[in-house]
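To start, the structure itself, in structure tokens.
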Amino acid sequence: MSQETVFTSQRVLLNSESEVGPATIFVKDGKVVRIENEYRPSEATLDAGSKLLMPGIVDGHVHINQPGRTQWEGVVTASHAAAAGGVTTIIDMPLNCIPSTVTVDAYQQKRESFKDGMWVDVGTWGGVVPGNALDLVPMLEAGARGFKCFLCDSGVDEFPPVNEEQLRLAMSELKKKNGKLLFHAEMDTGATVDTTQDPTNYNTFLNSRPANMEVKAIDLVIKMCREFAPHVPCHIVHLSAADALPAIRAAKKEGLPLTVETCFHYLTINSEDVPARSTEYKCCPPIRNEANRNLLWEAVLDGTIDIVVSDHSPCTPDLKLHSCCGGKGLASDAVEGDFVKAWGGIASVGIGLPLLWSEGQKRGLRLQDVVRLICEQTAVHSGIGNSKGKIAVGHDADFVVWAPEEINRITIDKLHFRNKLTPYKERQCLGLVHQTVVRGTVVYDASQKSGDSQQWENGFSKLPHGKWIE
């Protein structure tokens, strides 16, 4: 029989409705079996002292890119990065891997390739592409958390966008199982790149992806959500344009099964501050101006935006046309720092907690809101709210131990994803992660970087303890 382990702290936050206070959590077989409202260091397997112990983070939007594009990322590096940032569960996106996760066979290939490399728990979304409507229910039954589709070019040939007719076919199948559909909500509105402008200036790219691309797409999402309500819950990924918020608020007031996410980068960066040639800032939809960012924050604080995720979408520096390459690996006609031609995506898995907290606490964000936005509701969104996202008896013993008051400079040694190109390098934040616990096992401990070589390597447990989420 397995032995009971005990976790205690003077400051514990069990869920978004509770208060911070002393507690001791008893764990057996990876599950919470008992919670006592006392600090008991003498009994503890892990004594967090005065550091905050709260639920492990669930990041529902991560591009791991395995199999097929592991030079961009991979499950070992992605799950290491997650663990170092208090993220205990990541849900992978169906594109950028080869094959795309659009059939049961592709789903099984991904699951098999992840088998021995998960330091945190991992699940995956499936994808909706033209012609795969009949694959959707079998993928749900195999374990896919739901499905993502694009309403514009995805950037990779293996994952084409769907039109309204194809969307209706897919939703008719999803209706049979109440399957969730996620939308990359941008549609063509005729905007083009002004070729007379300097492509190494961020605004040249930004002006080619105006807010009305998101507004048009979100209007279609709401229309389709209404048509298939309540049987196909719809979700807008990575909302960037605050112009779409009135339509979203109206749809929610109507009672439609619509949820919305935004990302750490839209809440912590504004377009006015993006330096020329710094293509690590490029993503789609784009980072917009400060006024837009403030409106997104209002929507986060009033609950219009349900969750915040990373949308970790890395690639190799040459695809970013980045100056760190020194020209190596770039096509002969490529211009270093070209925002128009560079791959779009921001690398940030595992660094979202200090980013959100540093910016949010200045705006009235509470620790309870942090748990709601990146733990509880992200777990519910991914269909795992019955086992993750809060500290409760019967739930998985997934915890992060961190110090909200500690200064955290995001240096390169703290970036554990494969390609270290990120707009957050050298950014100073509040909030430092000390330990991460996945189903009762400490998988990351910042104090162990020079510790027992038999058990630890650079702060990580030598053995992977993550599992695939069915």
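Residue 1012 is where the sequence shown starts when you use this note's numbering, and the numbers rise one by one after that.
Here a beta-carbon is modelled for each residue, glycine too, at the ideal position from N, C-alpha and C.
Checking 7 Å against the spacing of the C-beta atoms, do residue i and residue j come in under that value?
i: Val-1271; j: Ile-1259; result: yes
i: Gln-1077; j: Ser-1124; result: yes
i: Ala-1240; j: Pro-1257; result: no
i: Leu-1306; j: Thr-1273; result: no
i: Ala-1196; j: Ile-1247; result: yes
i: Ala-1408; j: Val-1031; result: no
i: Leu-1106; j: Ser-1165; result: yes
i: Ala-1228; j: Met-1182; result: no
i: Ala-1153; j: Tyr-1118; result: yes
i: Gly-1137; j: Phe-1158; result: yes
From the DSSP secondary-structure annotation, give me the bridge partner or partners of residue i.
i: Asn-1419; result: Cys-1440
i: Trp-1354; result: Answer is none; Trp-1354 lacks a bridge partner.
i: Ile-1316; result: DSSP, once it has assigned bridges, lists no residue as partnering Ile-1316.
i: Val-1017; result: Phe-1037
i: Gln-1446; result: Val-1412, Asp-1456
i: Ile-1102; result: Gly-1134
i: His-1323; result: Val-1073, Ile-1357
In the DSSP assignment, find the beta strand (DSSP E) that holds residue i and state where it starts and stops.
i: Pro-1066; result: 1063-1066
i: Gly-1134; result: 1132-1135
i: Lys-1042; result: 1042-1047
i: Ile-1075; result: Counting along the chain, Ile-1075 falls outside any beta strand (DSSP E), and DSSP gives it neither H nor E.
i: Val-1454; result: 1452-1456
i: Lys-1188; result: From DSSP, Lys-1188 is part of no beta strand (DSSP E); its letter is neither H nor E.
i: Phe-1158; result: 1158-1161
i: Phe-1216; result: Element bounds for Phe-1216: not the beta strand (DSSP E) but the alpha helix (DSSP H), 1213-1217.
i: Leu-1192; result: 1192-1195
i: His-1246; result: 1245-1247
Apart from the five residues just before and just after residue i, which ones in its own chain have a Cβ nearer than 7 Å to its Cβ?
i: Glu-1283; result: Asn-1300, Glu-1301
i: Ile-1421; result: Ile-1362, Tyr-1435, Lys-1436, Glu-1437, Arg-1438, Cys-1440
i: Pro-1509; result: Here the chain covers residues 1012 to 1481 and nothing more, so residue 1509 does not appear.
i: Gln-1021; result: Pro-1033, Tyr-1050, Gly-1060, Ser-1061
Helix, strand or coil for residue i per DSSP?
i: Val-1381; result: helix
i: Trp-1467; result: strand
i: Glu-1291; result: helix
i: Val-1412; result: strand
i: Ser-1029; result: coil
i: Glu-1238; result: helix
i: Glu-1084; result: coil
i: Ser-1124; result: helix
i: Lys-1473; result: coil
i: Gly-1097; result: coil
i: Asp-1407; result: strand
i: Arg-1220; result: coil
i: Arg-1429; result: coil
i: Asp-1058; result: strand
Under 8 Å Cβ to Cβ from residue i, same chain only, skipping five residues before and after it: list those, please.
i: Cys-1335; result: Pro-1328, Leu-1432
i: Gly-1085; result: Ile-1075, Asn-1076, Gln-1077, Gly-1128, Arg-1429
i: Val-1391; result: Gly-1400
i: Glu-1387; result: Asn-1026, Ser-1027, Pro-1066, Gly-1396, Gly-1400, Lys-1401
i: Ser-1090; result: Ile-1101, Gly-1128, Met-1129, Trp-1130, Val-1131, Val-1133, Pro-1475, Gly-1477
Leaving aside the five residues before and after residue i along the sequence, list all residues of the same chain whose C-beta is less than 6 Å from its C-beta, in chain order.
i: Thr-1447; result: Ala-1094, Gly-1097, Val-1411, Val-1454, Tyr-1455
i: Asn-1026; result: Lys-1401
i: Ser-1393; result: Gly-1071, Ile-1102, Arg-1156
i: Ala-1310; result: Leu-1256, Ile-1316
i: Gly-1079; result: Cys-1108, Ile-1109
i: Val-1226; result: Asp-1254, Ala-1255
i: His-1242; result: Lys-1186, Asn-1189
i: Leu-1193; result: Lys-1159, His-1246, Val-1248
i: Gln-1208; result: Thr-1215
i: Arg-1122; result: Trp-1479
i: Thr-1114; result: Asp-1146
Along the alpha helix (DSSP H) that carries residue i, what are the first and last residues, could you check?
i: Tyr-1277; result: 1275-1279
i: Gln-1177; result: 1175-1185
i: Lys-1373; result: Run containing Lys-1373: none; DSSP gives neither H nor E here.
i: Ile-1259; result: 1256-1265
i: His-1392; result: 1388-1392
i: Leu-1147; result: 1147-1153
Hey, is residue i close to the ligand ATP, as in C-beta under 6 Å from one of its heavy atoms?
i: Gly-1442; result: With respect to the ligand ATP, the structure shown offers nothing to examine, as it has no ligands at all.
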